[in-house]
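For the sequence shown, numbering that gives the first Met the number 0 begins at 0 and goes up steadily by one.
Glycine residues also receive a C-beta, built at the ideal position from the N, C-alpha and C atoms.
Fair warning: this is a prediction, and the values are worked out from it, not measured in the lab.
Worksheet: the structure to be examined is printed underneath.
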Amino acid sequence: MQKDGRARSLEADDDELWRSFGRLMQRLPREIDEDMMRETGLTMTEFAVLHALSAQAGGTLRVTGIAADIGLSSSRVSRVVTALSARGWCRRTVDSSDGRAALAELTSSGRAKVEEALPHHTVLARRRILDHIPSGERDIVLRALKTILEAPQ
Numbered sequence: 000m001q002k003d004g005r006a007r008s009l010e011a012d013d014d015e016l017w018r019s020f021g022r023l024m025q026r027l028p029r030e031i032d033e034d035m036m037r038e039t040g041l042t043m044t045e046f047a048v049l050h051a052l053s054a055q056a057g058g059t060l061r062v063t064g065i066a067a068d069i070g071l072s073s074s075r076v077s078r079v080v081t082a083l084s085a086r087g088w089c090r091r092t093v094d095s096s097d098g099r100a101a102l103a104e105l106t107s108s109g110r111a112k113v114e115e116a117l118p119h120h121t122v123l124a125r126r127r128i129l130d131h132i133p134s135g136e137r138d139i140v141l142r143a144l145k146t147i148l149e150a151p152q
């Protein structure tokens with residue numbers, strides 16, 4: 000802030016970085032979702048929920064745990080779990096240890112769907128992101144992303 004209370008403009012290099020990040024945030028989710036839908040019939044959010052469940056022993060997680068794992072709100076994940084349940088890929092139940100909490104449980108057809116989609120997801124991750132980051136710079140990019148994600152809001 001300047002003394003008069005107005006925000007300072009970004010320096011040219013910061014402005015370029017910020018604007019590039021903004022373009023990436025606008026374009027990439029749409030393009031990735033389109034690719035995943037075309038190849039697997041799943042959105043990235045649906046895949047992320049199923050993948051989070053498949054990574055758990057027993058294939059069961061609280062909806063709030065899935066939300067924390069994939070970085071979405073519990074209400075958004077709850078809606079996705081409901082939609083996936085309608086397709087037979089998971090079941091929604093009440094947590095017996097806390098009746099207020101919802102659980103999502105991966106079904107056998109859900110596990111098969113994740114296994115079918117995983118190779119496409121891997122190709123997409125490489126083609127859209129990983130292949131464009133030089134191996135010697137990946138640790139820097141990862142640290143920067145973690146710092147941004149873990150920063151207090």
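- Residue 16 sits exposed, since fewer than 16 C-beta atoms from the chains shown fall within 10 Å of its C-beta.
- For the pair residue 93 and residue 60, the Cα-to-Cα distance works out to about 11 Å.
- For residue 101, the enclosing beta strand (DSSP E) stretches over residues 101-105.
- Contact between residue 74 and residue 63 does not hold, since the beta-carbon distance rounds to 10 Å and is not under 8 Å.
- Each of 103, 37 and 20 was checked against the Cα of residue 95, and the nearest Cα belongs to 103.
- With a cutoff of 8 Å on beta-carbon distance, residue 87 and residue 53 are scored as not near each other.
- For the pair residue 123 and residue 32, the CB atoms are not nearer than the 8 Å cut-off.
- Residue 106 holds the alpha-carbon nearest to the alpha-carbon of residue 84 among 67, 99 and 106.
- For residue 144, the enclosing alpha helix (DSSP H) covers residues 137-149.
- Annotation: residue 77 to residue 57 spans about 19 Å, alpha carbon to alpha carbon.
- Collapsing the DSSP output to three states places residue 59 in a strand.
- Counting only unbroken stretches of 3 or more residues, the beta strand (DSSP E) elements lying wholly within the stretch 15-95 are 59-61 and 89-93, in sequence order.
- Between residue 23 and residue 127 a beta carbon distance of about 10 Å is seen, past the 8 Å cut, so the two are scored as non-contacting.
- Within the same chain, and ignoring the five residues on either side of residue 36 in sequence, the residues whose Cβ sits closer than 8 Å to its Cβ are 42.
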